[in-house]
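Inspection log for the structure reproduced underneath, given as structure tokens.
2 protein chains.
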Amino acid sequence: MKEKPYHHGNLRKQLIETGISLINEEGVKSFSLRRVAAQCNVSHTAPYSHFKNVDELIAAMGEHVTEQFMEKLRISIQGEEDSSEAISLLGQAYIDFFIENPQYFQFLFYHSGITIDLDNYNSDNYPPFALFRTTAYHMFRSIGLPEASYSHQLIALWSMVHGIASLLTNNGVRYSGNWRDFFSILTVLDKEDDK
Amino acid sequence: MKEKPYHHGNLRKQLIETGISLINEEGVKSFSLRRVAAQCNVSHTAPYSHFKNVDELIAAMGEHVTEQFMEKLRISIQGEEDSSEAISLLGQAYIDFFIENPQYFQFLFYHSGITIDLDNYNSDNYPPFALFRTTAYHMFRSIGLPEASYSHQLIALWSMVHGIASLLTNNGVRYSGNWRDFFSILTVLDKEDDK
DNA sequence: CCATCAATCTTAACACCGTAAAGATTGTAG
DNA sequence: CTACAATCTTTACGGTGTTAAGATTGATGG
Numbered sequence: 000m001k002e003k004p005y006h007h008g009n010l011r012k013q014l015i016e017t018g019i020s021l022i023n024e025e026g027v028k029s030f031s032l033r034r035v036a037a038q039c040n041v042s043h044t045a046p047y048s049h050f051k052n053v054d055e056l057i058a059a060m061g062e063h064v065t066e067q068f069m070e071k072l073r074i075s076i077q078g079e080e081d082s083s084e085a086i087s088l089l090g091q092a093y094i095d096f097f098i099e100n101p102q103y104f105q106f107l108f109y110h111s112g113i114t115i116d117l118d119n120y121n122s123d124n125y126p127p128f129a130l131f132r133t134t135a136y137h138m139f140r141s142i143g144l145p146e147a148s149y150s151h152q153l154i155a156l157w158s159m160v161h162g163i164a165s166l167l168t169n170n171g172v173r174y175s176g177n178w179r180d181f182f183s184i185l186t187v188l189d190k191e192d193d194k
Numbered sequence: 000m001k002e003k004p005y006h007h008g009n010l011r012k013q014l015i016e017t018g019i020s021l022i023n024e025e026g027v028k029s030f031s032l033r034r035v036a037a038q039c040n041v042s043h044t045a046p047y048s049h050f051k052n053v054d055e056l057i058a059a060m061g062e063h064v065t066e067q068f069m070e071k072l073r074i075s076i077q078g079e080e081d082s083s084e085a086i087s088l089l090g091q092a093y094i095d096f097f098i099e100n101p102q103y104f105q106f107l108f109y110h111s112g113i114t115i116d117l118d119n120y121n122s123d124n125y126p127p128f129a130l131f132r133t134t135a136y137h138m139f140r141s142i143g144l145p146e147a148s149y150s151h152q153l154i155a156l157w158s159m160v161h162g163i164a165s166l167l168t169n170n171g172v173r174y175s176g177n178w179r180d181f182f183s184i185l186t187v188l189d190k191e192d193d194k
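Taken in order, these protein sequences are the chains called H and A. If you count by numbering that gives the first Met the number 0, then the first sequence holds residues 0 to 194, one letter each, in order. If you count by numbering that gives the first Met the number 0, then the second sequence holds residues 0 to 194, one letter each, in order.
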């Protein structure tokens with residue numbers, strides 16, 4: 000399939016992928032550089048030709064998972080015209096991603112070193128949040144929300160979605176209902192015609 | 000102060016306390032059984048007389064921190080008559096606790112093994128959530144909210160508070176405003192007279 | 001009062017971990 | 001074909017959790 004540039008396979012890519020599948024199957028705690036190397040049939044120091052240390056491998060794995068995350072988020076709102084519906088779909092997709100892969104939440108938000116400056120909304124350092132903001136602001140504009148309250152509404156929305164995902168995947172919270180229902184509890188999404 | 004039952008001090012208690020302070024000062028990642036033992040001036044296997052393994056020590060530490068957490072939460076609403084004000088104060092205290100001790104969020108919700116069944120609200124297995132629910136339900140009743148929507152409102156509220164705490168302490172989110180402001184974005188807390 | 005016992009702590013050993021240094025292998029460029 | 005650089009292996013070191021065995025000591029009962 001892919002080119003095998005040197006005497007062994009494309010190790011860098013294989014390390015990232017088996018590292019991710021190891022976390023999926025065995026959990027974050029039982030991840031180790033040496034186990035990943037062993038599963039790739041290389042010596043335990045071979046990874047050091049591709050990554051400075053284990054944190055760099057984890058960072059690369061994090062980027063890979065974030066890309067999958069972004070893919071899911073993008074697809075969820077693809078072609079959706081109603082901007083209010085879009086933000087609900089996006090929130091549901093956000094939560095669903097971590098329900099499908101319970102290990103990812105802890106992995107992503109524990110090891111990634113993400114820093115988001117909420118005082119400076121033009122900094123798009125974390126892609127999922129950037130997409131979330133774009134989609135939310137589009138809706139805020141469409142319903143004529145005063146621009147001064149954009150940031151508050153955005154943070155409230157994202158915190159709730161993020162909090163639900165956190166509780167679901169890290170603290171054994173179980174709930175049989177539809178998470179989407181909760182978004183309507185926010186004033187911005189509490190449409191008049193639904194009342 | 001406390002009894003010193005055997006040839007050395009009250010090691011069990013000292014292990015828990017120095018373990019917690021180690022996490023506070025050096026971070027969750029650099030915590031280890033051997034370092035805690037060393038800081039207590041005992042051999043690295045002495046803790047095994049008090050804990051079956053390192054996870055049991057961590058669990059004991061978690062319980063201790065949860066008690067501190069509950070203490071802060073209780074004090075925050077002590078003597079507050081206005082139930083709507085109480086839930087805001089409680090949310091603020093929840094967030095403030097993790098702002099004051101940034102390492103605690105990851106420590107508490109990563110290692111504690113908390114399980115909360117949101118389909119069965121009478122299970123008070125996690126004290127902070129039990130207090131949150133009691134306070135919230137008291138407010139819901141006072142404003143005449145239909146009982147059917149209690150659970151939705153509660154989860155929305157707690158998820159948002161928990162999500163803010165998560166973003167603040169694990170993902171380098173910074174915000175100079177007052178977190179309390181966000182609670183009013185929920186329909187239940189969006190009082191008519193403020194509009 | 002002292003022998004016994006159980007709780008507590010220490011020493012030694014093991015497997016696993018991340019990492020560094022040195023050398024072997026091999027694709028590629030001059 | 002020779003030199004070089006990228007890649008991988010071997011070896012070694014200190015740190016980690018855990019177990020097993022033995023030492024120390026507070027408490028108990030004859």
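The beta-carbon is built from N, C-alpha and C at its ideal position, and this holds for glycine as well.
Anything in chain H within Cβ reach of residue i, meaning under 7 Å, just list it in chain order.
i: A:M159; result: A155, S158, M159, G162
i: A:L89; result: Chain H residues near A:L89: none, gap ~15 Å exceeds 7 Å.
Looking at the structure shown, is residue i part of a helix, part of a strand, or coil, going by DSSP?
i: H:K194; result: Bear in mind that the predicted position of H:K194 carries a pLDDT of just 36, short of 50, making it unreliable; the figure below should be weighed with that in mind. The answer is coil: DSSP assigns H:K194 none of H, G, I, E or B.
i: A:L185; result: strand
Rounding to the nearest angstrom, what Cα-Cα distance links residue i and residue j in this structure?
i: A:G26; j: A:Q102; result: 6 Å
i: A:E146; j: A:Y136; result: 9 Å
i: H:E55; j: H:G78; result: 36 Å
i: A:D95; j: H:I22; result: 32 Å
i: A:Q91; j: A:G8; result: 38 Å
i: A:E66; j: A:K12; result: 14 Å
i: A:T44; j: A:Q38; result: 13 Å
i: H:M138; j: H:E84; result: 9 Å
i: A:S82; j: A:S42; result: 51 Å
i: A:I142; j: A:S75; result: 21 Å
i: A:G18; j: A:G162; result: 26 Å
i: H:S150; j: H:L185; result: 14 Å
i: A:P126; j: H:K51; result: 43 Å
i: H:A155; j: H:L10; result: 42 Å
i: H:F29; j: A:M159; result: The sequence given here places Ser at residue 29 of chain H; Phe does not occur at that position. Cα to Cα, H:S29 sits roughly 31 Å from A:M159.
i: H:N124; j: A:S183; result: 28 Å
i: A:E224; j: A:N100; result: Beyond the ends of chain A as shown, which are 0 and 194, falls residue 224 of chain A; an answer cannot be given.
i: H:H60; j: A:G61; result: Per the sequence presented here, residue 60 of chain H reads as Met, with His not at that position. Their Cα atoms are separated by approximately 29 Å.
i: A:L89; j: H:Q105; result: 26 Å
i: H:F108; j: H:N40; result: 29 Å
i: A:E73; j: A:F97; result: Looking at the sequence shown, residue 73 of chain A is not Glu but Arg. Cα to Cα, the separation comes out at about 15 Å.
i: H:Y93; j: A:Y174; result: 23 Å
i: H:G171; j: H:S148; result: 34 Å
i: H:E70; j: H:V64; result: 10 Å
i: A:W157; j: A:A129; result: 11 Å
i: A:P46; j: H:S20; result: 35 Å
Taking Cβ-Cβ distances shorter than 8 Å, what residues in chain H pair up with residue i?
i: A:Y109; result: Q105, Y109, N169
i: A:F181; result: H151, I154, A155, S158
Which word fits residue i, buried or exposed, when buried means at least 16 other C-beta atoms lie within 10 angstroms of its C-beta?
i: A:T168; result: buried
i: H:T134; result: buried
i: H:R132; result: buried
i: A:G176; result: exposed
i: H:S165; result: buried
i: H:S87; result: buried
For a contact meaning CB atoms closer than 7 Å, what does residue i contact in chain A?
i: H:S31; result: What H:S31 touches in chain A: nothing, since even the nearest Cβ is about 14 Å away.
i: H:L72; result: Simply none; closest approach about 17 Å.
i: H:L166; result: S158, H161
Would you say the beta carbon of residue i is closer than 7 Å to some non-hydrogen atom of the ligand GTP?
i: H:N170; result: Summarising the ligand content, the structure contains no ligands, and the ligand GTP is consequently not present.
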